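In what follows, a structure is listed as structure tokens, so that the remarks can point back to it.
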């Protein structure tokens with residue numbers, strides 16, 4: 036059923052000249068299907084279709100968008116084992132992960148379906164007229180959030196379902212009323228095509244305009260660059276490396292009309308291990324963190340790559356336990372030969388940094404492409420001076436920084452780049468470290484107490500983002516329904532005739548949504 | 036009382052080597068005070084103070100910030116006639132305008148004071164834990180908006196009070212918890228210094244940290260560039276030309292850590308005059324628009340610079356009436372010799388465009404620096420082809436585009452750049468022009484029915500912004516209390532001890548704010 040072609044709107048085509056295959060990292064062999072990269076003509080066609088679709092899709096009701104999103108989940112589930120199988124063949128991840136990631140993808144789509152069906156997310160605000168006001172009458176002003184236009188979504192290598200073709204960015208953009216052009220990830224192009232089929236099928240069943248969704252194969256960076264530079268594209272969602280995200284950000288910022296790029300990029304997710312915690316629960320945390328560091332071969336953006344603590348005998352014991360625990364864990368397959376090659380390369384670069392010591396590394400033979408974990412350590416003073424040590428090593432890698440003092444630990448936090456998460460491990464001592472907490476909180480999107488950063492709950496209160504380079508725009512989250520806010524802007528209607536207003540802003544409040552009317556949040560009608 | 040020095044935090048200094056004076060455009064003479072541009076050392080000191088102040092100011096309560104903002108209004112009012120006089124001497128604007136703009140400035144500060152005193156603006160969201168959830172327990176997650184860090188505000192030439200030193204951007208940033216560094220506008224440096232004195236005085240009276248506010252004189256672009264490039268600066272607010280805003284945007288986007296720039300820039304504010312309106316109310320609108328085009332010498336960013344209509348005898352009559360009315364209006368002084376020079380220059384450039392005809396211009400002799408209004412007209416086909424005709428002429432200038440058909444009019448709207456406002460003038464005919472309305476709505480931040488775009492209400496429902504180049508970020512408004520959202524980002528606390536949470540997120544809800552708790556908007560406590 037996988038054709039290797041592109042969905043240019045509803046139509047499968049493959050007129051381009053560049054072809055490629057995906058790789059099964061478990062066998063290190065190419066998978067069978069030949070994919071054809073989208074040609075410039077196909078890209079232009081897809082963007083044109085998206086622009087035309089936007090004219091109608093932007094005005095489609097929340098109920099209809101909800102039906103579309105829910106139908107996508109039906110179609111994804113109907114793909115059954117074919118989807119799970121190709122997911123595993125293209126990612127090296129186990130079937131259990133395929134199932135849980137599919138469940139997460141479905142949950143996300145349902146969440147956005149519920150959000151837009153209810154409708155209050157548009158933040159309707161109404162300030163009625165006051166024609167008797169002196170010296171000048173007050174006009175009637177009403178605003179709501181409206182979609183930006185066609186959005187380009189870049190699939191993530193490490194989430195072939197939940198942050199790729201019909202993942203969080205796509206679900207949020209479609210919910211907002213924006214057509215989506217997916218730049219399919221070359222490592223899981225088959226998974227991408229199957230999901231794209233589900234989206235296209237759902238669009239047809241629920242009567243969405245052709246062009247509301249396209250799926251474009253790419254073997255490298257050219258398709259993405261061409262999409263981001265296209266004047267009709269109005270926003271970009273990306274999950275991946277700092278280099279990749281920054282280059283797209285730069286492209287978008289250099290357009291005649293700059294557009295927002297929401298890139299969720301690198302993070303080393305610092306963990307601060309405070310003295311009482313290392314003293315009383317050092318062994319507990321060592322075991323927990325051995326698991327967290329190796330979870331999914333360390334291929335989560337929230338993987339804890341940095342542990343900060345003050346030197347002590349307790350800390351030496353903690354490092355010893357962490358070293359013992361980490362090598363007990365069986366390595367697993369990484370996503371792609373290129374990813375393990377980068378892991379090995381970055382690991383070597385780190386090992387060559389002055390003062391860095393390896394305290395444990397998995398040295399037994401494994402299958403090819405399995406990520407062998409490593410724990411390193413370095414003195415605080417050296418870490419503070421050498422920002423090469425602050426860089427992410429994507430994979431099962433972590434570094435324990437042994438600080439001379441709490442002051443040095445705080446100085447390190449102040450020098451860190453922005454992070455997705457920061458964690459504090461403490462035992463009845465947090466009151467004494469408010470400066471550490473403040474400094475860490477100011478560098479991260481999410482701050483965690485006595486836990487691990489891996490595991491990102493999809494809920495209203497989640498923030499998945501953070502100061503640069505964790506993301507290119509810390510004001511938005513990439514996880515949870517609030518991520519819809521990335522794809523919209525407020526539009527204000529002044530003295531507009533009630534019958535011609537969007538339903539969200541009409542006096543009668545036909546959608547029965549919650550609105551801010553003359554300063555009061557209410558679902559009531561506006562009295563004339 | 037005006038010293039010509041910079042406020043580096045609470046201290047007046049002038050160690051720089053570049054000096055300048057302001058000009059009274061009414062007399063075309065220099066005003067007396069010599070201003071000293073901030074030196075690089077002073078800029079660095081101000082940024083360092085702001086960074087230090089942020090460590091405490093970011094955690095100051097809404098009640099205390101409210102007291103600070105309200106005290107600024109007291110101090111501004113205490114400046115009395117000294118402020119009004121220098122305002123007029125530096126802008127050429129009449130005293131009545133000084134008084135109304137001061138009232139607006141005070142109103143804005145009070146609005147933000149009320150907002151942060153009430154406190155719900157932080158959008159607190161709480162999702163409580165569920166330790167019994169299967170397969171994994173659910174953690175406790177709580178998020179709220181928190182300030183970004185030191186903000187640089189560029190004063191606007193055309194609003195020496197309401198969009199300058201303690202204007203909308205500054206009020207919003209201080210309300211958010213961000214220290215502010217004002218790049219004072221060289222055209223009204225004295226007005227700026229007096230207002231800065233009021234802010235500093237208020238900060239001292241209400242116990243705000245030194246560095247929460249600085250005011251930096253500048254004679255050109257260097258001070259602003261140095262500020263935007265400083266790594267400790269986290270966001271920028273700007274009101275001015277497209278060239279100026281875009282160059283700041285580019286500087287910020289090219290930093291190692293890119294930061295958001297909220298630039299409110301150019302707009303020609305298209306007005307669509309539909310057939311029935313021109314037939315039934317042509318004379319009425321001609322008179323209204325003659326007033327709107329010349330209001331304040333056309334120096335409002337919402338000035339209607341473009342009128343679009345389909346050719347007809349009625350339209351010819353409308354243009355005739357507009358031509359007759361516009362020359363009846365007495366020109367007024369423009370803000371600065373440089374501004375009138377640019378107006379004259381841009382007017383000439385427009386007149387040299389093929390096919391543009393002048394239908395009326397004020398030709399009588401006026402005082403120097405008075406802006407003499409002009410109405411031009413051009414055929415739709417020519418306008419469509421020549422994007423030079425789409426550029427803003429800042430001042431009392433407007434262009435009537437005579438279209439061959441509604442289709443051509445729609446094509447023109449689709450080719451326009453982003454705009455702050457768009458206006459439709461219609462008489463029982465709007466139903467027939469939904470494509471025109473949709474196209475216009477998609478290009479603007481605010482769409483107006485049967486009115487004029489000049490006059491920007493400060494209220495919840497206002498959107499002052501729009502697609503590029505109206506602004507660099509259409510997702511935010513520069514007017515109204517929602518503009519506070521530009522200076523904040525969400526931060527999430529996971530499993531955080533209740534006593535150490537910010538008050539906004541504590542179970543007890545000590546601030547009694549409205550929060551989204553487990554999906555329900557409520558001011559209730561969270562039950563444990």
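Residue numbers (this note's numbering), protein chains in the order written: chain A, 36 to 563; chain B, 36 to 563. Here a beta-carbon is modelled for each residue, glycine too, at the ideal position from N, C-alpha and C. As the structure is a computational prediction, the values presented were derived from the model and not from experiment.
Query	Result
Contacting positions in the region 528-546 of chain B - beta carbon closer than 8 Å to chain A	528, 529, 530, 531, 532 and 535
Proximal residues to residue 497 (chain B) (C-beta, below 7 Å), its chain only, five neighbours per side dropped	491, 512, 514 and 515
Neighbourhood of residue 119 (chain A) by C-beta, 8 Å cutoff - its chain only, sequence neighbours within 5 removed	130, 133, 134 and 137
Contact with chain A by residue 338 (chain B), beta-carbon distance below 8 Å	no
Residues near residue 104 (chain A) in its chain [Cβ-Cβ closer than 7 Å; skip 5 each side]	144, 147, 148, 206, 209 and 210
Bounding residues of the beta strand (DSSP E) (the contiguous stretch that carries residue 409 (chain A))	409-414
Interface flag, residue 485 (chain B) vs chain A, CB-CB below 8 Å	yes
C-beta atoms of residue 127 (chain A) and residue 64 (chain A) nearer than 8 Å	no
Collapsed DSSP secondary structure at residue 506 (chain B) in the structure displayed	strand
Residues within the region 495-506 of chain A neighbouring chain B, beta-carbon criterion of under 9 Å	495, 496, 497, 498, 499, 500, 501, 502, 503 and 504
Residue environment, residue 387 (chain A), which counts as buried when at least 16 other CB atoms sit within 10 Å	exposed
Residue 76 (chain B) versus residue 82 (chain B) - alpha carbon distance	10 Å
Against chain B: residues of the region 316-334 of chain A by CB proximity under 9 Å	none
Per-residue DSSP class, three states only, for residue 368 (chain A)	strand
Spatially closest choice to residue 59 (chain A) from A:341, A:289 and A:375, by CA coordinates	A:375
Three CB pairs or more closer than 8 Å across the region 185-203 of chain B and the region 501-512 of chain A	no
Beta-carbon spacing of residue 73 (chain B), residue 540 (chain B) below 8 Å	no
Contact belief for residue 331 (chain A) with residue 304 (chain A) at Cβ below 8 Å, rounded distance in angstroms	Incorrect: roughly 14 Å between the Cβ atoms, too far for contact.
Residues near residue 543 (chain B) by beta carbon distance below 6 Å, same chain, minus five either side	560
Beta-carbon proximity check, residue 163 (chain B) vs residue 553 (chain B), cutoff 8 Å	yes
Stretch pair the region 210-222 of chain B + the region 82-101 of chain B: three plus CB contacts closer than 8 Å	yes
C-beta neighbour in chain B for residue 476 (chain A), strict 8 Å	yes
When B:530, B:427, B:455 and B:469 are compared against residue 459 (chain A), the one with the closest alpha-carbon	B:530
Spatially closest choice to residue 224 (chain B) from B:121, B:324, B:487 and B:526, by CA coordinates	B:121
Proximal residues to residue 252 (chain A) (C-beta, below 7 Å), its chain only, five neighbours per side dropped	41, 70, 71, 72, 73, 219 and 224
Under 7 Å from the C-beta of residue 178 (chain B): neighbouring residues of chain A	496 and 498
Short CB-CB distance (under 8 Å) between residue 489 (chain A) and chain B	no
Which listed residue (B:334, B:114 and B:237) has its alpha carbon closest to that of residue 367 (chain B)	B:334
Counterpart residues of residue 394 (chain B) in DSSP-defined beta bridges	Beta-bridge pairing links residue 394 (chain B) to no other residue.
Whole-angstrom distance between residue 161 (chain B) and residue 175 (chain B), CA atom to CA atom	8 Å
Reduced DSSP secondary structure (H/G/I, E/B, other) of residue 218 (chain A)	strand
Residue 247 (chain A) vs residue 107 (chain A) beta-carbon contact at 8 Å	no
Below-8 Å beta-carbon distance, residue 173 (chain A) vs any chain B residue	yes
Contact with chain A by residue 512 (chain B), beta-carbon distance below 8 Å	yes
Start and end residues, beta strand (DSSP E) containing residue 566 (chain B)	Given a span of 36 to 563 for chain B in the structure shown, any question on residue 566 (chain B) remains unanswerable.
Cross-strand partners of residue 459 (chain A) (DSSP beta bridge)	A:307 and A:484
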